[in-house]
Structure formats: structure tokens, C-alpha cells
Ligand code: NAD
Ligand code: TYD
């Protein structure tokens with residue numbers, strides 16, 4: 001039986017990680033302690049969990065500003081908290097940034113994961129009540145044509161510096177399981193959306209630009225396809241795997257919800273027009289086709305039959321409901337987006353966490 005008592009969540013100040021921590025504390029049956037380990041890059045914002053900190057801080061929620069590349073720092077945390085579970089979200093996560101500056105991606109995604117695996121290999125030697133869950137992406141499988149799906153058995157074919165670094169980290173996690181018997185599970189998920197996503201990714205960027213009546217940059221012909229999943233559905237799947245997933249296994253998680261970018265941008269324009277009392281096509285005039293992303297993967301589509309069959313997971317948000325909830329959140333939190341885009345949130349973090 002896994003202990004799931006002292007859980008290190010890496011990258012818990014980012015988009016998916018902060019939603020994950022909130023998801024756990026929203027569940028009355030969850031009795032564990034969370035240690036949120038985050039370096040607080042431009043994408044990390046400890047304020048995302050300020051309410052959780054107020055309720056559970058110093059009892060069942062601890063924030064530790066630490067770089068996963070800092071081996072001694074991670075070891076110290078293992079000694080301090082007797083960690084029995086690691087749920088590893090921390091990463092450099094934006095494809096465009098990886099194209100223009102790949103080094104941070106190699107350091108955090110590959111070397112950071114390697115460090116964590118080294119620490120658990122040492123601290124957990126011979127234990128079976130522990131788990132390292134590695135969060136990954138469908139992008140490691142490459143790019144699809146008009147048909148077909150990514151299965152857990154699809155050979156890896158990463159094509160951006162981001163996906164290459166994630167593929168390397170997945171392979172390291174698998175190798176540590178096979179070679180050293182570290183209890184590892186892995187999940188590969190499709191594109192997430194929801195509250196607290198940094199407004200550089202497609203959906204929050206479009207919401208933000210529509211709200212400010214700025215151009216909506218659509219790459220290439222706008223016909224690239226992504227499979228969208230609401231962040232809580234991803235996190236529900238992660239929690240199921242952590243509880244009941246078979247050690248050594250990989251699980252695909254997906255929305256079964258494929259959209260051409262341009263169609264999705266049209267829907268966002270219409271929903272925003274509805275929310276802001278404008279005519280249906282008002283914001284569509286802002287759409288601007290721009291130069292394509294280099295090496296832009298054409299289509300991602302996940303087959304997630306395995307997690308459905310073996311663990312009984314299902315998506316619970318339909319896309320319309322999820323997008324409405326997301327748009328409402330961004331409109332209610334305009335200040336949040338201003339703060340993270342301007343880097344203002346970092347001053348708050350330095351004041352509150354800088355000295356650690
Ligand atoms: P994000 O960029 O919003 O958050 C990443 C977090 O990791 C930030 O809080 C950042 O400060 C932290 N971090 C970065 N480098 C670190 C380091 N060296 N040490 C400690 N913390 C560090 O990313 P996200 O969208 O929440 O993605 C989380 C995970 O999910 C990533 O592993 C990503 O590859 C994976 N994933 C994301 C998506 C998606 O659509 N966003 C889809 C599938 C998988
Ligand atoms: P993104 O949110 O960056 O996720 P990923 O590249 O990891 O799938 O992009 C989603 C899709 O939207 C992708 O095909 C690139 C496209 N895109 C645009 O057309 N314009 C934009 O401004 C951004 C950020 C993305």
C-alpha cells in the first residue's frame with residue numbers, strides 16, 4: 001500500500017500544479033500533507049495558493065522555494081519532511097520559449113528530473129510504499145497526420161526542444177524504475193486549459209488579448225489541431241494514478257476533444273463577445289495570421305482508453321462548460337494577469353519567500 005502521507009509536489013506554484021494542490025485540499029477524504037517545491041520562475045506564482053496557505057499553512061501545506069536542480073537543497077527537504085510521494089510537475093513548459101532559449105528546458109526538465117530521481121533512489125531504497133509520479137505531455141509522441149492517435153505504446157518522436165527535454169525526462173523515470181526499482185508511474189497528457197494558466201499559452205493569451213482588443217496572433221494557417229482537457233480532469237486522473245496506478249506503467253490522459261486552432265479562436269471570440277455584451281463577430285476582426293512557429297506540430301490526439309478501462313477515469317467537463325468557467329475566471333481576475341505579465345507578482349514572492 002502506498003503511504004501518500006508526505007507528498008512533494010514540484011512546480012506547485014505553476015498552472016497545473018497549483019490547481020492540483022487546490023483539487024486535493026477540496027477533497028475531504030484527502031488527509032495528507034503537501035510540500036510545494038517550486039523555484040518560482042516567471043511562470044510560478046506562490047500567490048495562486050494564498051487561500052490554501054491561510055487555511056493549511058504550517059500544518060498540512062508547506063511552501064519551499066527550491067530549484068529541483070539543487071541536489072543538496074532537495075536532499076535537505078527529504079530529510080526535513082520524510083517524503084513518501086513525489087508528484088513531479090515542475091518544468092519549463094512553453095514550446096515557443098524552448099525554440100528561442102532551449103537551455104533552461106534542458107537544465108530543469110532533464111537535469112532537474114535526474115536530480116529528483118537520484119534523491120528518491122537513495123532515500124527510498126527497498127521501499128514499496130512510496131511513489132514517484134512523473135507528469136509528461138503527449139508532445140513526446142511527435143505529430144500526427146489527419147488520422148490516428150497516440151497510444152501508450154507509440155514510439156517517441158519529439159520535435160521541439162520542449163518535447164525533446166520532456167521525452168528525456170520520461171526515459172530517465174522509466175530507466176530508474178527498470179534499473180533501480182524506484183516505484184514510478186508516468187502520465188502523458190494533452191493540452192490543458194483552466195484558471196491560473198500563464199497568459200502566453202493559446203487560450204489565456206486569446207482571452208487576454210480579446211479583453212484588451214489587441215491582435216489575436218494565429219500561427220500559420222490556423223489548422224493545427226490540439227486535444228483540449230480541463231485542468232481539473234487532468235488532475236483527477238493524476239490523483240487516480242497516484243492512488244491506484246500500477247507501478248512502472250504509463251497512462252495517457254486526453255480530452256478526446258480535438259479543435260483546429262482557428263475554430264477554437266472563433267469560439268473564444270464569440271464567448272467573449274457574449275460575456276462582454278458585444279455583437280457575435282465583434283472580436284473576430286482582431287484575428288491576425290502570423291508567421292508559423294518553427295517545426296510546428298500539426299496534430300495531437302490522445303487515445304486514453306487505458307486509464308478509462310483500468311482506473312475508471314472519465315472527463316467530466318464538456319468543452320463549452322470548461323471554457324465558460326475559464327473565461328469567467330480570467331474576467332474576474334484581470335489583476336492577476338496584469339501582475340504575472342508585468343512580473344509584479346515576483347516582488348510579492350521575494351518579500352514573502354525571498355529569504356528562504
Ligand atoms: P507552468 O509553466 O505553468 O508551471 C511550471 C512550474 O514549475 C512553475 O511554477 C515554475 O516556477 C516551476 N519550475 C520551473 N523550473 C523549476 C525548477 N528548476 N525548480 C523548481 N520549480 C521549477 O507549467 P504547467 O502548464 O503547469 O505544466 C506542469 C507540468 O505539466 C509540466 O511538466 C508540463 O510539461 C506538463 N504538461 C503541461 C500541459 C499543459 O497543457 N500545460 C500538458 C501536458 C503536460
Ligand atoms: P500552446 O498553447 O503554446 O500549446 P502547445 O504548443 O504546447 O500545443 O499552443 C497551442 C496551439 O496554438 C499550437 O498549435 C500553437 C498555437 N498558437 C497560436 O496559433 N498562437 C499563439 O499565440 C499561441 C501561443 C499558440
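Numbering (the working numbering), first residue to last: 1 to 356. For each residue, glycine too, the CB sits at the ideal point set by N, CA and C.
Apply the 10 Å Cβ neighbour rule to residue i and answer buried if 16 or more other Cβ atoms are within range, or exposed otherwise.
i	result
residue 168	buried
residue 316	exposed
residue 356	Only weak support is given to the placement of residue 356: the predicted model assigns it a pLDDT of 38, under 50, and the value that follows is read from those uncertain coordinates. Exposed is the call here.
residue 117	buried
residue 235	buried
residue 62	buried
residue 1	exposed
residue 328	exposed
residue 255	buried
residue 59	exposed
residue 147	exposed
residue 351	exposed
residue 128	exposed
residue 258	buried
residue 314	exposed
residue 203	buried
residue 153	exposed
residue 332	exposed
residue 41	buried
residue 74	buried
residue 115	buried
residue 170	buried
residue 28	exposed
residue 337	buried
residue 321	exposed
residue 229	buried
Hey, would you say residue i sits closer than 8 Å to residue j, going by beta carbons?
i	j	result
residue 345	residue 36	no
residue 242	residue 323	no
residue 326	residue 216	no
residue 286	residue 214	yes
residue 161	residue 99	yes
residue 132	residue 182	yes
residue 165	residue 110	yes
residue 108	residue 68	yes
residue 205	residue 113	no
residue 238	residue 290	no
residue 33	residue 84	no
residue 227	residue 192	no
residue 39	residue 66	yes
residue 233	residue 23	no
residue 207	residue 330	yes
residue 95	residue 3	no
Any heavy atom of the ligand TYD closer than 7 Å to the Cβ of residue i?
i	result
residue 156	no
residue 170	no
residue 217	yes
residue 266	no
residue 387	This structure leaves residue 387 out entirely; the chain is present only between 1 and 356.
residue 200	yes
residue 212	no
Say yes only if the C-beta of residue i is nearer than 7 Å to one or more non-hydrogen atoms of the ligand NAD, and no if none qualify.
i	result
residue 192	yes
residue 160	no
residue 205	no
residue 255	no
residue 86	no
residue 89	yes
residue 326	no
residue 10	yes
residue 39	yes
Taking Cβ positions only, does residue i come closer than 8 Å to chain B?
i	result
residue 82	Absent here is chain B; the protein component of the structure consists of one chain.
* To do: Could you tell me which uninterrupted alpha helix (DSSP H) segments, each at least 4 residues in length, are contained entirely in the region 89-141, listed from first to last along the chain?
  => 95-100, 113-123
* Asked: Does the region 240-252 come close enough to the region 182-191 to have 3 or more Cβ pairs within less than 8 Å?
  -> The region 240-252 is in contact with the region 182-191.
* To do: Mind the definition here: the region 38-57 touches the region 10-30 only if three or more C-beta pairs lie below 8 Å; say whether that holds.
  => Segments in contact, yes.
* **Every unbroken beta strand (DSSP E) within the region 39-97, with a cutoff of 3 residues, ordered by chain** => Within the region 39-97, the complete beta strand (DSSP E) runs of at least 3 residues are 61-65, 85-88.
* Cβ contact check for the region 136-156 and the region 281-300: 3 or more pairs under 8 Å -> yes
* Does the region 259-274 come close enough to the region 214-224 to have 3 or more Cβ pairs within less than 8 Å? -> yes
* Write down every uninterrupted run of the alpha helix (DSSP H) in the region 277-356 whose length is 4 residues or greater and which is fully enclosed by it, in chain order. => You should have 305-311, 319-332, 334-342, 344-353.
* Indicate whether the contact test is met: 3 or more Cβ pairs, each with one atom in the region 332-347 and one in the region 279-286, closer than 8 Å. => no
* **Cβ contact (3+ pairs, closer than 8 Å) linking the region 17-27 and the region 81-95** => yes
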